[in-house]
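Scroll down for the structure; my scribbles are underneath it.
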Amino acid sequence: GFEALAADLYWLRTVQYFGGQRLFSRNKRFELLRPLIEITVALDPRLEIAYRYGAVFLSESPPVGAGRPREGVTVLEEGTKALPGSWRLRQDLGFFHFLYLRDAETASRILMEAAEIPGAAFWLRSLAADILGKSGDRESARRMWRQMHEQAEEGILKANAAVQLQILDALDQADRLTAAAAAFERHAGHRAGSLAELRASVLARGPVVDPAGVPFQYDVVTGRVSVSRASPLWRPGWGPPEGGR
824 GFEALAADLY WLRTVQYFGG QRLFSRNKRF ELLRPLIEIT VALDPRLEIA YRYGAVFLSE
884 SPPVGAGRPR EGVTVLEEGT KALPGSWRLR QDLGFFHFLY LRDAETASRI LMEAAEIPGA
944 AFWLRSLAAD ILGKSGDRES ARRMWRQMHE QAEEGILKAN AAVQLQILDA LDQADRLTAA
1004 AAAFERHAGH RAGSLAELRA SVLARGPVVD PAGVPFQYDV VTGRVSVSRA SPLWRPGWGP
1064 PEGGR
């Protein structure tokens, strides 16, 4: 009917607004994002894509998204009420509690609820059990993003999941390089002066650049290696301020 057509038009406007803010806005505040999503699902409460994509748009950290994960979770909660038979919406709600809100207990409970919905993926129960007591665990996060990547069609959701998997790989490699820096200090009696010196020592295994091809940041004072702010894989809250070598 008319409402469904209007919802499609508003959803198109939402996607255009989101893309425009990411590419052209200086402050990237995404002020109209939530209202546009709300109008869309009010017109067509069964438009599942609006809940799933809208939650990602709201939750991702700036400048990629709005950096408002609690609003993203609220959108998914509204979706599970409007579409109680969608196990993927409830799955996403559990994933977002774990990935964005760091709430493993709530995430596990919601994933168990998703597992009860007819047609749900068989692995939801085991994942729900695994993440209890593993808040912030990268391997659990990797499983979630991998599932989202496999389920998504080509487009924003799939691309975002691929980037998130690269981020996890970058964090793992940064940890390995930090461990190599500690080994260098034990053997040499002093910290490596740069990543190049660390790499030349053969103690560092693997590349000294992240999956995006950007060199890692090395803090010669602490010996810590982290994802550089210059990298598209950097996210707020990770690592020391820029200035390491």
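Each residue of the sequence shown is one higher than the one before, starting from 824 at the first, in our numbering.
For each residue, glycine too, the CB sits at the ideal point set by N, CA and C.
Remember, predicted model here, so these are calculated numbers, not experimental data.
Scanning its chain for C-beta atoms nearer than 7 Å, with the 5 sequence neighbours on each side dropped, one finds around leucine 855 the residues Tyr840, in chain order. The C-alpha of arginine 966 is placed about 26 Å away from the C-alpha of lysine 904.
For aspartate 1042, the enclosing beta strand (DSSP E) covers residues 1040-1042. In the DSSP assignment, arginine 1009 falls within the unbroken alpha helix (DSSP H) covering 979-1011. In the DSSP assignment, serine 1051 falls outside any alpha helix (DSSP H), carrying neither H nor E. If you check the CB distance, glycine 877 and isoleucine 860 come in under 8 Å.
The count of Cβ pairs closer than 8 Å, one atom from the segment 1011-1020 and one from the segment 909-922, stays below three, leaving the stretches out of contact. Under DSSP, valine 1032 shares a beta bridge with Pro1038. In the DSSP assignment, leucine 1026 falls outside any alpha helix (DSSP H), carrying neither H nor E. If you check the CB distance, leucine 922 and alanine 964 come in under 8 Å. Put simply, the backbone Cα of arginine 948 is about 6 Å away from that of methionine 935.
Out of Ser1054, Tyr1041, Gln1040 and Thr1045, the CA that lies nearest to the CA of proline 1034 is found in Ser1054.
With at least 16 other beta carbons inside 10 angstroms of its own, glycine 895 counts as buried.
By the Cβ criterion, the segment 982-1002 is not in contact with the segment 929-943, since fewer than three pairs of Cβ atoms, one from each stretch, lie closer than 8 Å.
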